[in-house]
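For reference, the structure is listed below as structure tokens.
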Amino acid sequence: MELFAGAVISGITVGILYGLLGFPIVLLYKCTGVANFAQGNIATFLTFVVFVTMRSAGLRILPALGIGLASAAVTGAVLYLVGLRVNADSADHVNMLMRTLALYLLLAGVINVRWSRGEPFAFPTVFPQGALHAGLINISYQAIGATGVAGVLAVLFWLFFKRTAMGVLFLATAERRDIAQLLGVDTRRLTTIAWVMAAVVSLLVGVLVAPTNLLAANMMDLFLLYSFTAVILGGLTSLPGVFAGGVIVGVVGNVVTVYAGDDSSNIAIFGLLLLVLVVRPSGLFGGPSLQRV
Amino acid sequence: MKRSAPATLLVTLTMLATSGCGLTGATVEKASGPGVTDTQIKIGTTNPLTGPVAASCKPVSDGALAWFNYVNNHGGINGRKIVDQVLDDAFTAPEALSNVRQFVNAGVLAVFGGCGSVQPPAILPELAKKGIPYLFPYASSTTLEASGYKRLFLVLPSYGHQLAGLIKTAMHELGPGSVWFANAQIPGSDQTEQQVRQAVQEAGGTYLGGETTIVGTSDYTPLVLKMKAARPDYVVLSQGAPDAARIVQTMAAQNALPKKRILGQANLATAPFVGSVGDIATGRVLTVSPVELATSEAAASCRKAFAKASPPLTAEGYSLFGCGTAQIMTEALREAGKNLTRERLVQILRSWQAKKASPIFPAVTFGASGNLGVTRMILVEIQGGQLASKGELEIAP
Numbered sequence: 060m061e062l063f064a065g066a067v068i069s070g071i072t073v074g075i076l077y078g079l080l081g082f083p084i085v086l087l088y089k090c091t092g093v094a095n096f097a098q099g100n101i102a103t104f105l106t107f108v109v110f111v112t113m114r115s116a117g118l119r120i121l122p123a124l125g126i127g128l129a130s131a132a133v134t135g136a137v138l139y140l141v142g143l144r145v146n147a148d149s150a151d152h153v154n155m156l157m158r159t160l161a162l163y164l165l166l167a168g169v170i171n172v173r174w175s176r177g178e179p180f181a182f183p184t185v186f187p188q189g190a191l192h193a194g195l196i197n198i199s200y201q202a203i204g205a206t207g208v209a210g211v212l213a214v215l216f217w218l219f220f221k222r223t224a225m226g227v228l229f230l231a232t233a234e235r236r237d238i239a240q241l242l243g244v245d246t247r248r249l250t251t252i253a254w255v256m257a258a259v260v261s262l263l264v265g266v267l268v269a270p271t272n273l274l275a276a277n278m279m280d281l282f283l284l285y286s287f288t289a290v291i292l293g294g295l296t297s298l299p300g301v302f303a304g305g306v307i308v309g310v311v312g313n314v315v316t317v318y319a320g321d322d323s324s325n326i327a328i329f330g331l332l333l334l335v336l337v338v339r340p341s342g343l344f345g346g347p348s349l350q351r352v
Numbered sequence: 038m039k040r041s042a043p044a045t046l047l048v049t050l051t052m053l054a055t056s057g058c059g060l061t062g063a064t065v066e067k068a069s070g071p072g073v074t075d076t077q078i079k080i081g082t083t084n085p086l087t088g089p090v091a092a093s094c095k096p097v098s099d100g101a102l103a104w105f106n107y108v109n110n111h112g113g114i115n116g117r118k119i120v121d122q123v124l125d126d127a128f129t130a131p132e133a134l135s136n137v138r139q140f141v142n143a144g145v146l147a148v149f150g151g152c153g154s155v156q157p158p159a160i161l162p163e164l165a166k167k168g169i170p171y172l173f174p175y176a177s178s179t180t181l182e183a184s185g186y187k188r189l190f191l192v193l194p195s196y197g198h199q200l201a202g203l204i205k206t207a208m209h210e211l212g213p214g215s216v217w218f219a220n221a222q223i224p225g226s227d228q229t230e231q232q233v234r235q236a237v238q239e240a241g242g243t244y245l246g247g248e249t250t251i252v253g254t255s256d257y258t259p260l261v262l263k264m265k266a267a268r269p270d271y272v273v274l275s276q277g278a279p280d281a282a283r284i285v286q287t288m289a290a291q292n293a294l295p296k297k298r299i300l301g302q303a304n305l306a307t308a309p310f311v312g313s314v315g316d317i318a319t320g321r322v323l324t325v326s327p328v329e330l331a332t333s334e335a336a337a338s339c340r341k342a343f344a345k346a347s348p349p350l351t352a353e354g355y356s357l358f359g360c361g362t363a364q365i366m367t368e369a370l371r372e373a374g375k376n377l378t379r380e381r382l383v384q385i386l387r388s389w390q391a392k393k394a395s396p397i398f399p400a401v402t403f404g405a406s407g408n409l410g411v412t413r414m415i416l417v418e419i420q421g422g423q424l425a426s427k428g429e430l431e432i433a434p
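Chain order of the listed sequences is F and C. Every number in the numbering used here is 59 more than the matching position in the first sequence, counting from 1. Every number in the numbering used here is 37 more than the matching position in the second sequence, counting from 1.
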């Protein structure tokens, strides 16, 4: 029973991180209609920026993170303006999807060439060392802190979308981009802001993952896979749904690992994904897609 | 050395021109074998320069290139310069096979070095079909050891053999105990598990079981909880350096470090592992290294070559392995003399009896048909974030 409880608790903590990485994927999908394959490598790239800043400038984690957040904002805007926005009006959906895939590979290449020698790297945590003991499992302050950050971000974004004019414009753009444009909404500006927010959240995920998973070029590869699963399970357009999806993926994965082995956990996770797609195509929390005919 | 596309094309064209397609090459073929001209010895290396193990594997080919450059700058081998064409296989068997076909077309003397346990079993049949010698990959595989291909030469025992030797040594020194095994899913991992289980039983210990893991697993907590519940005296790791480091980090976070030691194969005697686990590993990890440690006197020649490399290389487990195998290679080429062919090279290697071909490798003996040339490794522990030698141990093939 202790082992089961440990697997569930650890599944929840890692699942929240899957959800957190899935969060910017949903955000961008809502705003642009494109699933961003590059999200994991954006997180890794920006975490390396923080790491290199710490090493080269001799800074501690918090000041370096401050510089990293500013870099994330710039990086998010540049990636969108250079990689996605140019000729976007004449590009179809597949073209945009392939652009995010190209970004994924481009960032992977840059990380490999510039920073990967000698990896993995120990990465400091922004939270205190130590852990709470709960039976067999130790819940580190790092994991508790990550859960807290996820919670704060979820509340902030909920407030943003529900209580601010810009948030409402985001939702309007996501719902009917063409009509929003006709009504004078600057959708390009909004999309740029969405990319900035997505990059900032990605950096936070990277900084939360790196202390336990160690900083490496492929640090987010499996995370991205599980995050996409969380996004689909949650309903692709549902911001709360992505966290629920992440927790489901984390708990199922960890419980199956404990009782059936690491190699069986992927079978369970992706089997569940297929089941949900077949039984409930819009995901557990997504609404059905309606079209006027 | 990672080459740009135009550079690769240039090298390939040059190799084609001198390996039988061109007049010069055709003339040279009569005097020497494929890949050998009056001025050059051409060999090929397929190695992950990108992908999940690139950070560990690239230093292997960099270390070898540093030694070859050092030798070339001091006159080469019997008047010839060594040209090692390194192609990226991204840790995938299809890419490695494609690289080997390029080497076949280019007519290299041998395929040398490289790193990774996934690609070598895949490229071996192609090399065997063409009769191309395959020398000293950083690959640990019972499949390779038992291949029977007489032109395959290994200086790294399989992970199973490494761990069996280590388990017996550890239990001899620290007493028998219970063992839990975290085994990465790579070709030959089933045999590794059998060898570990057998070694534990032979050493008087108890095999508690373990887990086969996926390379790059995102969360090792459930695995470690399972390990913790089993309360082992020893935890045995057959993992790449990054995953081993992640597992040990998670063990520390979950207060699941074993009562006696963590035992791991050669990947733990490298900078990526030691650098990322820090003090956690001090006094808790026993591992093995195929080569003498970076700080040893034996590694002086490699350190000298690394200092002259551009950019300078760090001497550690992977880069030293590359340098050491390049030293064995240059020694074999030197002994093969002016009339260098694939047959002659194989003949020289087969003739060696306890040959000290590199200052950092144990003496090498291949005999008439064996693939593995070494039966000893360096026993290593980690103290204060540094590797410390504890002498040699026997690795029974």
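Note that CB positions come from ideal geometry on N, CA and C, so glycine has one too.
The CB of Gln235 (chain C) never comes closer than 7 angstroms to any CB in chain F; the least such distance is about 21 angstroms. Going by beta carbons, Ala337 (chain C) and Phe310 (chain C) fall outside the 8 angstroms limit. For Leu298 (chain F), no beta strand (DSSP E) encloses it; the enclosing alpha helix (DSSP H) starts and ends at 298-319. Between Thr129 (chain C) and chain F, the shortest Cβ-Cβ separation is not below 8 angstroms. Collapsing the DSSP output to three states places Ser313 (chain C) in a helix. Interface with chain F (8 angstroms Cβ-Cβ cutoff): Ile251 (chain C) is included.
Counted as a single uninterrupted DSSP element, the beta strand (DSSP E) harbouring Met414 (chain C) occupies residues 413-420. Excluding five sequence positions before and after Lys375 (chain C), the CB atoms of its chain that fall closer than 7 angstroms to its own CB belong to Asn115, given in chain order.
Chain F places a beta carbon closer than 8 angstroms to that of Pro259 (chain C), counting this residue as a contact.
In the three-state reduction of the DSSP assignment, Val328 (chain C) falls in the coil class. By the neighbour-count definition (other C-beta atoms within 10 Å, threshold 16), Met60 (chain F) is an exposed residue. With respect to chain F, the C-beta atom of Ser255 (chain C) has a partner C-beta closer than 8 angstroms.
Residues of chain F with a Cβ closer than 7 angstroms to the Cβ of Arg268 (chain C) do not exist, since the nearest Cβ in that chain sits about 11 angstroms away.
From the beta-carbon of Ala190 (chain F), the residues of chain C found nearer than 9 angstroms are Ala290, Gln291, Asn292.
Using a CB distance cut-off of 8 angstroms, Gln222 (chain C) counts as an interface residue toward chain F. In this structure, Tyr186 (chain C) lies near Ala165 (chain C), with their beta-carbon atoms less than 8 angstroms apart. A buried status is given to Asn272 (chain F), since no fewer than 16 other beta-carbon atoms sit within 10 Å of its beta-carbon. When only Cα atoms are considered, Leu128 (chain F) and Gln222 (chain C) end up about 37 angstroms apart. As a beta-bridge residue in DSSP terms, Thr243 (chain C) pairs with C:Ser215. Separation of Tyr171 (chain C) and Ile415 (chain C) (C-alpha to C-alpha, rounded to the nearest whole angstrom) is 24 angstroms.
In this structure Phe96 (chain F) touches Tyr163 (chain F) by the C-beta definition: roughly 5 angstroms separates them, less than 8 angstroms. Residues of chain C whose Cβ lies closer than 7 angstroms to the Cβ of Gly177 (chain F) are, in chain order, Ala92, Ala308, Pro309, Gly312. The beta carbons of Ser297 (chain F) and Gly345 (chain F) sit about 5 angstroms from each other, so the pair counts as a contact at 8 angstroms. With fewer than 16 other Cβ atoms from the protein chains shown falling within 10 Å of its own Cβ, Leu160 (chain F) counts as exposed. For Thr271 (chain F), at least one C-beta of chain C is nearer than 8 angstroms to its own C-beta. Contact between the region 86-105 of chain C and the region 173-192 of chain F is present: 3 or more CB-CB pairs across the two stretches fall below 8 angstroms.
Rounded to the nearest whole angstrom, the C-alpha separation of Pro224 (chain C) and Ser178 (chain C) is 7 angstroms. For Phe149 (chain C), the enclosing beta strand (DSSP E) begins and ends at 147-149.
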